[in-house]
Amino acid sequence: MIQTDNCADGEVCEGYSEVLELVHEINKKFEKMQRRGIQEDLTPAQYLLLRQLWETDSLQFKDLAIACNCSRSTVTGVVDTMEKKGLVKRVAHPKDRRSTLVKLTKKGKELKESTPSLDSLTNNCCQGIDSDELRILTILLKRLSSSLTV
Numbered sequence: 688m689i690q691t692d693n694c695a696d697g698e699v700c701e702g703y704s705e706v707l708e709l710v711h712e713i714n715k716k717f718e719k720m721q722r723r724g725i726q727e728d729l730t731p732a733q734y735l736l737l738r739q740l741w742e743t744d745s746l747q748f749k750d751l752a753i754a755c756n757c758s759r760s761t762v763t764g765v766v767d768t769m770e771k772k773g774l775v776k777r778v779a780h781p782k783d784r785r786s787t788l789v790k791l792t793k794k795g796k797e798l799k800e801s802t803p804s805l806d807s808l809t810n811n812c813c814q815g816i817d818s819d820e821l822r823i824l825t826i827l828l829k830r831l832s833s834s835l836t837v
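This note's numbering puts the sequence shown at residues 688 to 837.
Following this line, the structure appears as structure tokens:
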């Protein structure tokens, strides 16, 4: 539910349901676009984790969860699948025996070369929106995101 100065407590503001529907629709279209642009057997969640690992080679589960804005249990499930595909492996943390790192395998590293960057997947999504409009949209979406109560 969105709370703003223009809404009574507990009331969903008129127009916000349309905004939320549009955000949901955009998200679904973006996921479809990602699926077409990345490897067919790679989900958007797996791609997101790979992008993080391509930058650092290995991360702790908690750091992956933070970077991907998802729960540790979600990361665990995604990593399980990626491990079966031979893209990542679990290794003991060199300085903390209680912690496990997710590390790219050779196959996971090689996938970077054959997978287009997120920029190349999204370069057409903002056609018709100039840089000022995009900046304003970003500000408004951040404000919308921070106003959502979870």
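Quick reminder that beta carbons are idealized off the backbone N, C-alpha and C, glycines included.
Query	Result
Spell out the partners DSSP gives Lys-790 in its beta bridges.	Ser-745, Lys-776
Compute the beta-carbon to beta-carbon distance between Leu-828 and Val-789, rounded to the nearest angstrom, for a pair I have assumed lies under 8 angstroms.	Their Cβ separation, rounded to whole angstroms, is 29 angstroms, which puts Leu-828 and Val-789 out of contact at 8 angstroms.
Using only CA atoms, which one of His-711, His-780, Lys-794 lies nearest to Gly-773?	Lys-794
Could you name the residues of the same chain whose beta carbon sits closer than 8 angstroms to that of Thr-792, not counting the 5 residues immediately before and after it, in chain order?	Gly-773, Leu-774, Val-775, Lys-776
Enumerate in chain order the residues of its own chain whose CB-to-CB distance from Met-769 is below 6 angstroms, with the five nearest sequence positions on each side excluded.	Gln-733, Val-775
Which residues mark the beginning and the end of the alpha helix (DSSP H) in which Ser-833 is found?	818 to 834
Taking the C-alpha atoms as reference points, what is the distance between Pro-731 and Phe-717?	10 angstroms
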